[in-house]
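So the protein sequences, as listed, match chains A and B. According to the working numbering, numbering within the first sequence proceeds without interruption in unit steps and concludes at 634. According to the working numbering, numbering within the second sequence proceeds without interruption in unit steps and concludes at 634. Heads up: the structure comes next, in structure tokens.
Protein chains: 2
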Amino acid sequence: MAHNDVSFLFDLDGTLVDSVYQHVLAWQEALHAADIELSVWRIHRRIGMSGGLFTEMLLREVAVEITPTLLETLQKQHAEAYGRLVKWVRPLPGAASLLEYLTRAQIPWAIATSGRMATAKYNLELLGVDPAQAAVITRDEVRRAKPDPDLFLAAAARLKTDIAAAVIVGDSIWDMLAARRARGLGVGVLSGGYGQDELERSGAIRVYEDPADLLRHIDEIGGRT
Amino acid sequence: MAHNDVSFLFDLDGTLVDSVYQHVLAWQEALHAADIELSVWRIHRRIGMSGGLFTEMLLREVAVEITPTLLETLQKQHAEAYGRLVKWVRPLPGAASLLEYLTRAQIPWAIATSGRMATAKYNLELLGVDPAQAAVITRDEVRRAKPDPDLFLAAAARLKTDIAAAVIVGDSIWDMLAARRARGLGVGVLSGGYGQDELERSGAIRVYEDPADLLRHIDEIGGRT
Chain A
410 MAHNDVSFLF
420 DLDGTLVDSV
430 YQHVLAWQEA
440 LHAADIELSV
450 WRIHRRIGMS
460 GGLFTEMLLR
470 EVAVEITPTL
480 LETLQKQHAE
490 AYGRLVKWVR
500 PLPGAASLLE
510 YLTRAQIPWA
520 IATSGRMATA
530 KYNLELLGVD
540 PAQAAVITRD
550 EVRRAKPDPD
560 LFLAAAARLK
570 TDIAAAVIVG
580 DSIWDMLAAR
590 RARGLGVGVL
600 SGGYGQDELE
610 RSGAIRVYED
620 PADLLRHIDE
630 IGGRT
Chain B
410 MAHNDVSFLF
420 DLDGTLVDSV
430 YQHVLAWQEA
440 LHAADIELSV
450 WRIHRRIGMS
460 GGLFTEMLLR
470 EVAVEITPTL
480 LETLQKQHAE
490 AYGRLVKWVR
500 PLPGAASLLE
510 YLTRAQIPWA
520 IATSGRMATA
530 KYNLELLGVD
540 PAQAAVITRD
550 EVRRAKPDPD
560 LFLAAAARLK
570 TDIAAAVIVG
580 DSIWDMLAAR
590 RARGLGVGVL
600 SGGYGQDELE
610 RSGAIRVYED
620 PADLLRHIDE
630 IGGRT
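Laid out in structure tokens, this is it:
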């Protein structure tokens, strides 16, 4: 393990791919289908958590009984609705260039997402990332997703790098909380629609607009060649 | 004019009606149709501005030439896409109760929206507000929409109340900026998906979750009977 050598661990939705708002409306559709009315901003605030935790927190707000059947129905309806909305999803500006830059600079990087490979594969394809080649950790591979640190710890282990020197890039406060719990360095991006202040308060040492803006300032966070 | 008597002036989208995310994706569709790719969070950040200002600010970010034809096409495409998504739009929790409370308490209230009556009428219907009975000011009636103060000034004039004692409730920083420029008292709600800090920094004297939360705390901002 290379101590003190920087590595980059990325969240996927809202950080490399512009998919947060489609996920939000897909969850709204799924909840509607189950006769659960919940304001859309509350769904947005929870996006990026593990699917199970996400639905449990949402359902607690509306005092609906959480059964395994309901959770399964919601996950299925969400996947179906997202499948219809995914045609509007694009890589975020600079996402592909940022990954290419790191590869060229021989700085190890990985993607760690709370989503499952079944949905993440579409986003990875958009980015031109082959999960057979690149280090990609999904919800399927860890016991607990964000805000637990497992995904980022698994990503650092896969890269054989020191988590304490890892720059953990994410768009949501769940990424920043998971980064702190993993003892890595949280860096926020605004491209998921959260405010700069929320990201800073949950531990981001720096906040950029999107991957393009992060790449322009990469020397600030240890990404020099 | 009743000096020092409180009145309530409300924004509509994101403040009384849960329509912000549908507007955001409708704008994305409209921009796509015009071959303009813009990250969704940037659209979200501009929602609530006047339509003209909104498109001009967006187009400035992508360096596209702004022609009257392009603006008209975008407005038309947005209205068409929003028309398809509006079936998912609901009143925000507590919105109808809040307006009923104010009516019963004989506290004058008005709605002031940057949208035009052509689209606002659907949202007013959802809320059970008849624009022939209630004080509703739309973009059609003023020279400049938010963040200019015209809409709120016109609403206070319609109610024959003092703008300096008016509580101006909105979900976006454009509402808060317009409230300050109108010399009213800005109060934020989180239901449009913006952060509490942004609303406070743009002048909100208080921030609540949504209309239901505001109604629970209405004594804090002068709404006592």
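Even for Gly, the Cβ is constructed at its ideal location relative to N, Cα and C.
Whole angstroms is fine: what's the gap from residue 471(B)'s alpha carbon to residue 579(B)'s? When rounded, the distance between both Cα atoms is 28 Å.
Give the C-beta separation of residue 447(A) and residue 467(A) to the nearest angstrom, bearing in mind that I take them to be a contact with Cβ-Cβ under 8 Å. 6 Å
Could you run through the segment 538-560 of chain A and flag, in chain order, every residue whose CB is less than 9 Å away from some CB of chain B? none
Can you have a look at residue 616(A) and say buried or exposed, based on whether 16 or more other CB atoms are within 10 angstroms of its CB? Residue 616(A) should be labelled buried.
So for residue 615(B), helix, strand or coil by DSSP? strand
In the segment 413-434 of chain B, which residues sit with their C-beta less than 9 Å from some C-beta in chain A, listed in chain order? 423, 427, 428, 429, 430, 431, 433 and 434
Against chain B: residues of the segment 498-517 of chain A by CB proximity under 7 Å: Cβ contacts with chain B: 499, 501 and 502.
Is there a Cβ from chain A that is less than 7 Å from the Cβ of residue 444(B)? no
Tell me, please, whether the CB atom of residue 450(A) is closer than 7 Å to any CB atom in chain B? yes
Under a CB-based cut-off of 7 Å, is residue 453(B) close to chain A? Yes, its Cβ sits closer than 7 Å to a Cβ of chain A.
When you compare only the Cα positions, how much space is there between residue 631(B) and residue 595(B)? 13 Å
Quick one: what's residue 520(A) bridged to in DSSP? 419(A) and 545(A)
Closest to residue 593(A) by CA distance: which of 500(A), 559(A), 533(A) and 443(A) is it? 559(A)
Can you round the beta-carbon distance between residue 512(B) and residue 416(B) to whole angstroms, since I take them to be within the 8 Å contact cut? Residue 512(B) to residue 416(B), Cβ: 12 Å. No contact.
For the beta strand (DSSP E) containing residue 598(B), name the first residue and the last one. 594-598
Beta-carbon separation (whole angstroms), residue 549(B) vs residue 525(B), contact threshold 8 Å: 5 Å
Interface residues of chain B around residue 468(A) at Cβ under 9 Å? Those within 9 Å of residue 468(A) in chain B number zero; the least Cβ separation is about 16 Å.
Check whether the segment 492-501 of chain B and the segment 524-543 of chain B touch, using three or more Cβ-Cβ pairs below 8 Å as the test. yes
Any beta carbon from chain B within less than 7 Å of residue 606(A)'s own beta carbon? yes
What residue ranges within the segment 452-509 of chain B form continuous alpha helix (DSSP H) runs of no fewer than 4 residues, ordered along the chain? Inside the segment 452-509 of chain B, DSSP marks whole alpha helix (DSSP H) runs of 4 or more residues at positions 460-471 and 477-494, from first to last along the chain.
Buried or exposed by the 16-neighbour rule on C-beta atoms within 10 Å, applied to residue 519(A): buried
Does the distance between the C-beta of residue 493(A) and the nearest non-hydrogen atom of the ligand NAP fall short of 6 Å? Among the components modelled here there is no ligand, and therefore nothing to report on the ligand NAP.
Report the option in 431(B), 441(B), 439(B) and 458(B) whose CA atom is closest to the CA atom of residue 420(B). 458(B)
CA-to-CA distance, residue 565(A) to residue 590(B), given in whole angstroms: 50 Å
Residue 411(B): buried (16+ other C-beta within 10 angstroms of its C-beta) or exposed? Low per-residue confidence applies at residue 411(B): pLDDT is 49, beneath 50, and the placement is therefore not dependable, though the value from the model is reported in the following sentence. With fewer than 16 other Cβ atoms within 10 Å, it is exposed.
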